[in-house]
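Protein chains: 2
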Amino acid sequence: MEKEKTDKKDHILDVAERIFAEFGYDGASTRAISGEAGVNMAMLNYYFGSKEGVFLAIFERRIAMFQQVLAEIGNDTSFSPWEKLDKYIESYVEKVVNNNCFHIMLHREISKTKKSELTDKITAIVMKNVTVFQGIIADGVKSGEFKKDTDQELLVATIFGTKNYIINTPHISSVVLGYDVLDGEAQEDKLKPRLKKYLKTLLKAYLQN
Amino acid sequence: MEKEKTDKKDHILDVAERIFAEFGYDGASTRAISGEAGVNMAMLNYYFGSKEGVFLAIFERRIAMFQQVLAEIGNDTSFSPWEKLDKYIESYVEKVVNNNCFHIMLHREISKTKKSELTDKITAIVMKNVTVFQGIIADGVKSGEFKKDTDQELLVATIFGTKNYIINTPHISSVVLGYDVLDGEAQEDKLKPRLKKYLKTLLKAYLQN
DNA sequence: TTTAATTAATTAATCGATTGATTAATTTTG
DNA sequence: CAAAATTAATCAATCGATTAATTAATTAAA
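Which chain is which? The protein sequence lines are A and B, in order.
Under my numbering, the first sequence is numbered contiguously, ending at residue 209.
Under my numbering, the second sequence is numbered contiguously, ending at residue 1209.
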């Protein structure tokens, strides 16, 4: 019973995540979400309080995933900067591609120039990831393993931006790459390994002495 | 009079572009747009037919800008691949930063996974730019000036993605870079030259033999 | 174990507010 | 005067949210 309820809630959040990715936060109506999820509209408010509550619940559910990535690599001193970089790329590409709906939803909201409670919250979450990556780069430069005269900040934009471009503009990137980047099978067979390899190569080209 | 009318229309589109960037297409109400522009709400429909008409009018107004970039460099055979690349970066960074509201608005809409007439239109526009860039890279590889074993498609994602990340997630990139990336003065003094230089360096590192 | 009481889950109907759009009347312009 | 521009008022539709009533599930009492 307790388990079933959680499953039902999870099902609603799964559907909501997809609908938010399809239509955007404002474009996704609670009727569309509840209808697609096969539950009464009032259940959304019963479970999550409000539409924004649904949105935030999706976030809370995924935050754990993000922080796991950080915990894995973050302050592990047994790895070299290059190894850390590799592990970070591996782990991050994996998580982002697997949760592309959430990722698309997140970035659509954060791209609103008007500040709000929501954009602040999202910014804080994303910044955690950025900071870890920045730390790895900074350490590598400090220890002399990475080239000195690099633009560390814009390199951040490149790594996250490349990944965003592929995931967040699927209509474009699917044409460029020649296969549907949102298709699960294509992601496993083609996109993930290719993207990992490319990002590593790119970083090496730019950071190597 | 004819001139004034055009000015008024342009003013409305300027305001609408900003509001769309702030709140997204669905989040931006026609009342907010007309109110901010200081015109009666009915004028939007009188001039542009509908809310979507306003949105499309913004596009039509900016498309010229995009195609200008293409015309400048596109098929000019007097430039070497490296020169073309330089010019493309210069021109593109300039246009995108100057029209960041439009750019944000465009990418928010194109990130909707659900296909629609609108996403198709936007995709077609963006693809024109992508194709030109791809052509420059392909030519360079063909002529032997660029390294052979590169991932040309993902390099596209990197160039456009880096720029997108800075412009489309201003709350993040402003923190990372240390200044407001949406501020006109900071854009001229810091962002533009830095971004141009970085992208050229990055391309050189990845493409040079 | 059966039954009564209590809580949780779910539904259909409806609320007021806001949305984009339209109308008809008015003002401005040529 | 005639055409274009502009306004205030209002339209139906949709939005998120709430209500009160009903069913299902859990617990307590006998």
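Just so it is clear, CB atoms sit at the ideal spot from N, CA and C, and this is done for glycine as well.
Since this is a predicted model, take the numbers as computed values, not measurements.
Query, Result
"Same chain, Cβ closer than 7 Å to B:Arg1031, neighbours up to 5 away in sequence not counted", "Met1041"
"Cβ of B:Asp1189 within 8 Å of any chain A Cβ", "no"
"Three CB pairs or more closer than 8 Å across the segment 1122-1129 of chain B and the segment 179-187 of chain A", "no"
"Buried or exposed by the 16-neighbour rule on C-beta atoms within 10 Å, applied to B:Glu1002", "Residue placement at B:Glu1002 is flagged as unreliable, the pLDDT there being 40, under the threshold of 50; a coordinate-derived value is accordingly withheld."
"Residue closest to B:Tyr1198, alpha-carbon to alpha-carbon, out of A:Tyr92, A:Thr150 and A:Lys196", "A:Thr150"
"B:Phe1160: contacting residues in chain A (beta-carbon distance under 7 Å)", "Tyr165"
"Contact set for A:Cys101: own chain, Cβ-Cβ below 6 Å, skip 5 residues either direction", "Glu17, Arg18 and Ala21"
"Proximal chain B residues relative to A:Tyr88, where beta-carbon distance stays under 9 Å", "Those within 9 Å of A:Tyr88 in chain B number zero; the least Cβ separation is about 16 Å."
"Contact check, A:Gly53 vs B:Asp1026, beta carbons under 8 Å", "no"
"A:Lys196 vs A:Glu90 beta-carbon contact at 8 Å", "yes"
"Members of the segment 1114-1125 of chain B that neighbour chain A once the beta carbon cut-off is set at 9 Å", "Lys1114, Lys1115, Thr1119, Asp1120, Ile1122 and Thr1123"
"Proximal residues, the segment 91-112 of chain A versus chain B, C-beta separation under 8 Å", "Cys101, Ile104, His107, Arg108, Ile110, Ser111 and Lys112"
"Neighbourhood of A:Val130 by C-beta, 8 Å cutoff - its chain only, sequence neighbours within 5 removed", "Val156 and Phe160"
"Spatial neighbours of B:Met1065 in its chain, beta-carbon cut-off 6 Å, leaving aside the 5 residues before and after", "Lys1095"
"Backbone secondary structure at B:Phe1020 - three-state DSSP", "helix"
"DSSP three-state assignment for A:Thr123, whether helix, strand or coil", "helix"
"Counted within 10 angstroms of its Cβ, other Cβ atoms place A:His171 as buried (16 or more) or exposed", "buried"
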